[in-house]
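In the working numbering, the protein residues as written are 2 to 257. By construction, the Cβ of each residue, glycine as well, lies at the ideal position given by its N, Cα and C atoms. These numbers were taken from a predicted model, which means no experiment stands behind them. Reading through the structure tokens given below for one structure.
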């Protein structure tokens, strides 16, 4: 048996998909003991990675319940990327499927993950007020404003952010409750720090359209559909706030 076959067999053993003891020399007991050390250490390291990324989720579930959920996730979704920062992207959805009676836990995991990804996300240019002021008025309708790559929109039906904030402040979190309406939240990184804030429906629609690559006119139409009043003042306010928040990375115009 060549080295590659041994390495692949060892990998499958760590993932729990095969028994690699026949590949090794020595007594069966010694082989099983040695491989068990590696397999347990590998899984525990992945649990530790998830507990670090989803720290607030772990606090809410408790260490034992979180570890059980993490081990099941590891078994169902072993890492496929060499960078562990990519591991855990589907953990919130896993919790949604496996804990259907606790949807607020999956929301908390989404927020944990979004903030970590904002922190680790790529750098980009940031537009200033002068960049927007330089745009000729006739060009605004067809231009495209691109948010920074760390920008992400989330929608929570529960008081997820209040729970997260209390845990971050090391205070007792409020009871987890469902609101009367779902609230949109923006997560992004400003300079070196992840941030989040709530959005009114029209601003959320405006940003969602821009994240999808819509023109400014198309984005405004979608915002208008989500608003109860004239959105002209809101558009101006949003642009000022976005510049202050370092939320826009590029402005582009149609070819030709």
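- Under DSSP, residue 57 shares a beta bridge with no residue.
- For residue 157, DSSP records a beta bridge to 184.
- Sequence-distant partners of residue 212 (beyond 5 residues in either direction) whose C-beta falls short of 8 Å from its own C-beta, in its chain, are 148, 152, 154.
- By the 16-neighbour rule on beta-carbons within 10 angstroms, residue 182 is exposed.
- Sixteen is the threshold: when 16 or more other Cβ atoms of the shown chains lie within 10 Å of the Cβ of residue 164, as they do, the residue is buried.
- When the Cα atoms are used, residue 200 and residue 185 turn out to be separated by approximately 5 Å.
- The DSSP assignment places complete alpha helix (DSSP H) segments of no fewer than 4 residues inside the stretch 77-101 at 92-99, in order along the chain.
- Residue 162 is not bridged by DSSP to any residue.
- The continuous alpha helix (DSSP H) containing residue 202 extends over residues 202-212.
- Taking each of 235, 119, 90, 64 in turn and checking the Cα distance to residue 194, the smallest one comes out for 119.
- Distance from the CA of residue 142 to the CA of residue 216, rounded to the nearest whole angstrom, comes to 7 Å.
- Collapsing the DSSP output to three states places residue 197 in a strand.
- Secondary-structure assignment with DSSP links residue 233 through no beta bridge to anything.
- Between residue 83 and residue 69, the alpha-carbon positions lie close to 24 Å from each other.
- By the 16-neighbour rule on beta-carbons within 10 angstroms, residue 238 is exposed.
- In this structure, DSSP gives residue 243 a helical state, which the three-state scheme calls helix.
- Ranked by Cα distance from residue 167, the first of 146, 109, 157 is 109.
- Look at residue 137 here: in three-state DSSP terms it is coil, with no helix or strand label.
- Its chain contains 175, 177, 178, 180 as the residues whose beta carbon lies nearer than 7 Å to that of residue 160, once the 5 sequence neighbours on both sides are disregarded; these appear in chain order.
- Going by beta carbons, residue 203 and residue 228 fall inside the 8 Å limit.
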